[in-house]
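Numbering (the working numbering), first residue to last: 216 to 356.
For every residue, glycine included, the Cβ atom is placed at its ideal position computed from N, Cα and C.
Here the structure is a predicted model, which means the values were calculated and not measured.
Okay, so here's the structure we're looking at.
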Ligand SMILES: Cc1cc2nc3c(=O)[nH]c(=O)nc-3n(C[C@H](O)[C@H](O)[C@H](O)COP(=O)(O)OP(=O)(O)OC[C@H]3O[C@@H](n4cnc5c(N)ncnc54)[C@H](O)[C@@H]3O)c2cc1C
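Quick look at the structure:
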């Protein structure tokens with residue numbers, strides 16, 4: 216069995232809940248054909264309240280209204296249980312908690328705990344696909 220949900224949820228939060236950073240998205244339509252000329256622009260300074268602006272039309276340029284554009288600003292926000300868990304917090308406290316859940320997961324030899332939630336790691340798409348292929352090969356299926 217492959218499980219791609221949160222590893223702590225699988226074990227009923229036996230040792231407590233792992234923490235995440237979360238995001239709030241604000242989307243707006245602007246009266247301009249081109250806002251930032253690129254799909255993603257990061258903002259890393261302390262004075263800007265958002266961390267990224269996505270301008271959707273640049274992911275698939277040539278489609279959509281030439282006089283308007285849709286942008287989404289990403290604001291960091293605190294995560295509470297029940298919110299979408301976006302980024303794991305790999306500090307000492309959460310790493311130790313994950314280590315305990317991983318030990319339980321490793322005992323379940325007929326299961327793969329996969330993906331970003333099953334392994335409590337941030338992974339880009341290429342990494343998560345490579346890991347899924349490795350895990351499947353390891354199960355000799
Ligand atoms: C905000 C954000 C931005 C990102 N940007 C990029 C980027 O620009 N480029 C890039 O390469 N990667 C990016 N990533 C990473 C990429 O999204 C992940 O690597 C990829 O989606 C992880 O795939 P996954 O299958 O592990 O997890 P997910 O895609 O989250 O899939 C997990 C699945 O498990 C299911 N599930 C959850 N709980 C349960 C349960 N209890 N029981 C059964 N099923 C359950 C969910 O419904 C979901 O279908 C980003 C991630 C985030 C969070």
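Three or more beta-carbon pairs separated by less than 8 Å link the stretch 290–309 to the stretch 233–240, which places the two stretches in contact.
Excluding five sequence positions before and after residue 282, the CB atoms of its chain that fall closer than 6 Å to its own CB belong to 248, given in chain order. Around the Cβ of residue 270, a 10 Å sphere holds 16 or more other Cβ atoms; the residue is buried. In the DSSP annotation of this structure, the continuous segment of the beta strand (DSSP E) that includes residue 285 starts and ends at 284–293. As for any alpha helix (DSSP H) of minimum length 4 sitting wholly inside the stretch 269–354, the runs are 307–322, 330–333 and 340–353, ordered along the chain.
Inclusion of residue 265 and residue 241 in the CB contact set at 9 Å is warranted, their separation being smaller than that value. For residue 256, the Cβ stays outside the 8 Å cut-off from all heavy atoms of ligand 1. Using a 10 angstroms sphere on the CB of residue 314, the tally of other CB atoms stays under 16, which defines it as exposed. Taking non-hydrogen atoms of ligand 1 into account, the C-beta of residue 219 is found less than 8 Å away from one of them.
Taking residue 254 as the centre and dropping the five residues before and after it, the same chain places the C-beta of 269, 270, 273 and 274 closer than 7 Å to its C-beta, in chain order. For residue 244, the closest of 280, 295, 318 and 252 by C-alpha to C-alpha distance is 280. For residue 224, the uninterrupted alpha helix (DSSP H) run begins and ends at 222–225, by DSSP. Taking residue 216 as the centre and dropping the five residues before and after it, the same chain places the C-beta of 325, 326 and 327 closer than 8 Å to its C-beta, in chain order.
Per DSSP, residue 257 is one residue of the beta strand (DSSP E) stretching across 255–257.
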